[in-house]
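If you're matching positions, the sequence shown starts at 523 in my numbering and goes up one per residue.
Notes follow the structure.
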Amino acid sequence: MAVWTLGINHQTAPLDLRGRFAFALDQIQPTLQRYRQSLPRQPEATLLSTCNRTELYGAGDPAAVDPTIEWLAHAGGVSSHVLRDHAYILREDQAARHAFRVASGLDSMVLGEAQILGQMKDAVRAADEAGALGTTLHQLFQRSFAVAKQVRSSTEIGAHSISMTAAAVRLASQLFEDLRDIRVLFVGAGEMIELATTHFAARTPRHMAIANRTIERGEKLATRFGAETMRLADIPGRLHEFDAVVSCTASTLPIIGLGAVERALKKRKHRPIFMVDLAVPRDIEPEVKKLDDVFLYTVDDLAAVVQTGKDSRQAAVAQAEVIIDAGVSSFMHWLDQRDPAKGVVPLIQQLNAQADAWREMEIARARKLLARGEPVDAVLEALSRGLTQKILHGALAELRSGDQETRAATAETVSRLFLRQKS
Numbered sequence: 523m524a525v526w527t528l529g530i531n532h533q534t535a536p537l538d539l540r541g542r543f544a545f546a547l548d549q550i551q552p553t554l555q556r557y558r559q560s561l562p563r564q565p566e567a568t569l570l571s572t573c574n575r576t577e578l579y580g581a582g583d584p585a586a587v588d589p590t591i592e593w594l595a596h597a598g599g600v601s602s603h604v605l606r607d608h609a610y611i612l613r614e615d616q617a618a619r620h621a622f623r624v625a626s627g628l629d630s631m632v633l634g635e636a637q638i639l640g641q642m643k644d645a646v647r648a649a650d651e652a653g654a655l656g657t658t659l660h661q662l663f664q665r666s667f668a669v670a671k672q673v674r675s676s677t678e679i680g681a682h683s684i685s686m687t688a689a690a691v692r693l694a695s696q697l698f699e700d701l702r703d704i705r706v707l708f709v710g711a712g713e714m715i716e717l718a719t720t721h722f723a724a725r726t727p728r729h730m731a732i733a734n735r736t737i738e739r740g741e742k743l744a745t746r747f748g749a750e751t752m753r754l755a756d757i758p759g760r761l762h763e764f765d766a767v768v769s770c771t772a773s774t775l776p777i778i779g780l781g782a783v784e785r786a787l788k789k790r791k792h793r794p795i796f797m798v799d800l801a802v803p804r805d806i807e808p809e810v811k812k813l814d815d816v817f818l819y820t821v822d823d824l825a826a827v828v829q830t831g832k833d834s835r836q837a838a839v840a841q842a843e844v845i846i847d848a849g850v851s852s853f854m855h856w857l858d859q860r861d862p863a864k865g866v867v868p869l870i871q872q873l874n875a876q877a878d879a880w881r882e883m884e885i886a887r888a889r890k891l892l893a894r895g896e897p898v899d900a901v902l903e904a905l906s907r908g909l910t911q912k913i914l915h916g917a918l919a920e921l922r923s924g925d926q927e928t929r930a931a932t933a934e935t936v937s938r939l940f941l942r943q944k945s
């Protein structure tokens, strides 16, 4: 049973390539089912897809890695050569270490951010519902969640970290003299937009509006912050009303195009617009960034801002790595025990099979005695005596054979196995 990770992230692949491999949460289950059906021997699999990464975790035949690369490349509409140039393939302990670091926020663009842990749990839940989560990956992720919890409770890895949405507010405050004078449009109603709305609302802007594909969900979020609700179709006609736009949807195509922004700027008499596109794939056409009066930031553009204070957290990172090392060692020990070539699982199975054979033999003998009319107490006595003799025969034979040194070692082992006091 091999364990591996195939992935791309913000360190290895540009934003537009990551956009090709972005999967919404409701797409994960059918995507995993298609992936596993494409292979003759279906591996365990979990798919994690966020703004910063797409990773496929697998467990099973190690020969499945190469066809997995081919399948994922095809799913993203690129050649396998392009994917290999930007992907990382991690195996065994390195795959486990990566999962633990991701869950703990050590591999995030925002060092120590907690959102990734919830996204991993969602991905694992989706894999379970797809029937793709087996014993090995279940262990891997449950241990990664436990390690992440220990990292957050034992270190200050998350202290003073700046989220993407907080960074957006910081950049907006550098452009506008007073955020209380601006009008803000939020596009989407998911977790990232909820965080962004929370951060901007703390600065009490003059007006806020939420545009979402599902009006009911948008209204629910708008009610919390006293914001207006809009339809996505209303954006082109009203874009000029807003000084700042923050967008993060699961749309596969851009929602705000170059033409709409150009018309908005004309109506605004070229007063600047601050725009943040947190979506992968993009919600705002990249050409918008070339306009003179638009300040457009993507998730990758925010990287420098969120790194502020990173150096002060390096001590916490070192502490976290120690916890992760221990977690990796524990998982690999568990994995080795399940390997027939390394572990004790086959021996345990043989012992159980032998014990079952002895039990069935004595039960069959007892039934014959009962059928002949033997007293029940006498039959039970014979059954228990027969089982005891079979269980102890090997140990007693070893104690009587060999030289003195061998018998002494055997005696110590037998004492530990049969005479251990209950704790």
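Every residue gets a Cβ at the ideal spot worked out from N, C-alpha and C, and that includes glycine.
Taking 8 Å as the cut-off, the Cβ atoms of A731 and T771 do not count as close. Distance from the CA of E807 to the CA of R785, rounded to the nearest whole angstrom, comes to 14 Å. Inter-residue distance for L659 and V783 is about 46 Å (C-alpha atoms, whole angstroms).
By a beta-carbon distance limit of 8 Å, S769 contacts G710. Their separation comes to about 6 Å. Residue state for H608 is assigned as helix, using DSSP reduced to three classes. Per DSSP, reduced to three states, the secondary structure at I913 is helical. Given a length threshold of 4 residues, each whole run of the alpha helix (DSSP H) inside the stretch 714-791 is given here in chain order: 737-747, 757-760 and 780-789. In the DSSP assignment, D847 is bridged to no other residue. Contiguous beta strand (DSSP E) elements confined to the stretch 561-631 occur at 566-571, 575-582 and 610-613, taking only those with 3 or more residues. R804 sits in coil when the DSSP states are folded into three classes, being neither helix nor strand. DSSP lists S769 and T820 as the bridge partner or partners of D799.
In the three-state reduction of the DSSP assignment, R558 falls in the helix class, which pools H, G and I. By the C-beta criterion, the stretch 674-688 is judged to be in contact with the stretch 834-854, since at least 3 inter-stretch pairs fall below 8 Å. Counting the other CB atoms within 10 Å of its CB gives P536 a total below 16, which places it among the exposed residues. In the structure shown, T935 falls within a helical segment according to DSSP collapsed to helix, strand and coil. Residue burial is scored here from C-beta neighbours: Q551 has at least 16 other C-beta atoms within 10 angstroms and is therefore classed as buried. Your pair I778 and V669 does not check out as a contact, with CB atoms roughly 40 Å apart and the cut at 8 Å. K812 and I757 have their C-alpha atoms roughly 20 Å apart. Distances from the alpha-carbon of Y579 to those of V600, Y557 and E927 put Y557 closest.
As a beta-bridge residue in DSSP terms, F708 pairs with I732 and V768.
Straight through space, the alpha carbons of S675 and A877 are spaced by roughly 45 Å. Around the beta carbon of L761, a 10 Å sphere encloses 16 or more other beta carbons of the protein chains shown; the residue is thus reported as buried.
Within its own chain, the residues whose Cβ lies closer than 6 Å to the Cβ of Q555, once the five positions on either side in sequence are excluded, are A652, listed in chain order. Under the three-pair Cβ rule at 8 Å, the stretch 690-697 counts as touching the stretch 718-727. Separation of T720 and A636 (C-alpha to C-alpha, rounded to the nearest whole angstrom) is 16 Å. For T677, no beta strand (DSSP E) encloses it, and the DSSP letter there is neither H nor E. Residue R753 holds the alpha-carbon nearest to the alpha-carbon of A733 among F545, A718 and R753. The beta carbon of H792 sits closer than 6 Å to those of D815, all from its chain and outside the five residues before and after it, given in chain order.
Assigned with DSSP and collapsed to three states, A690 falls in helix.
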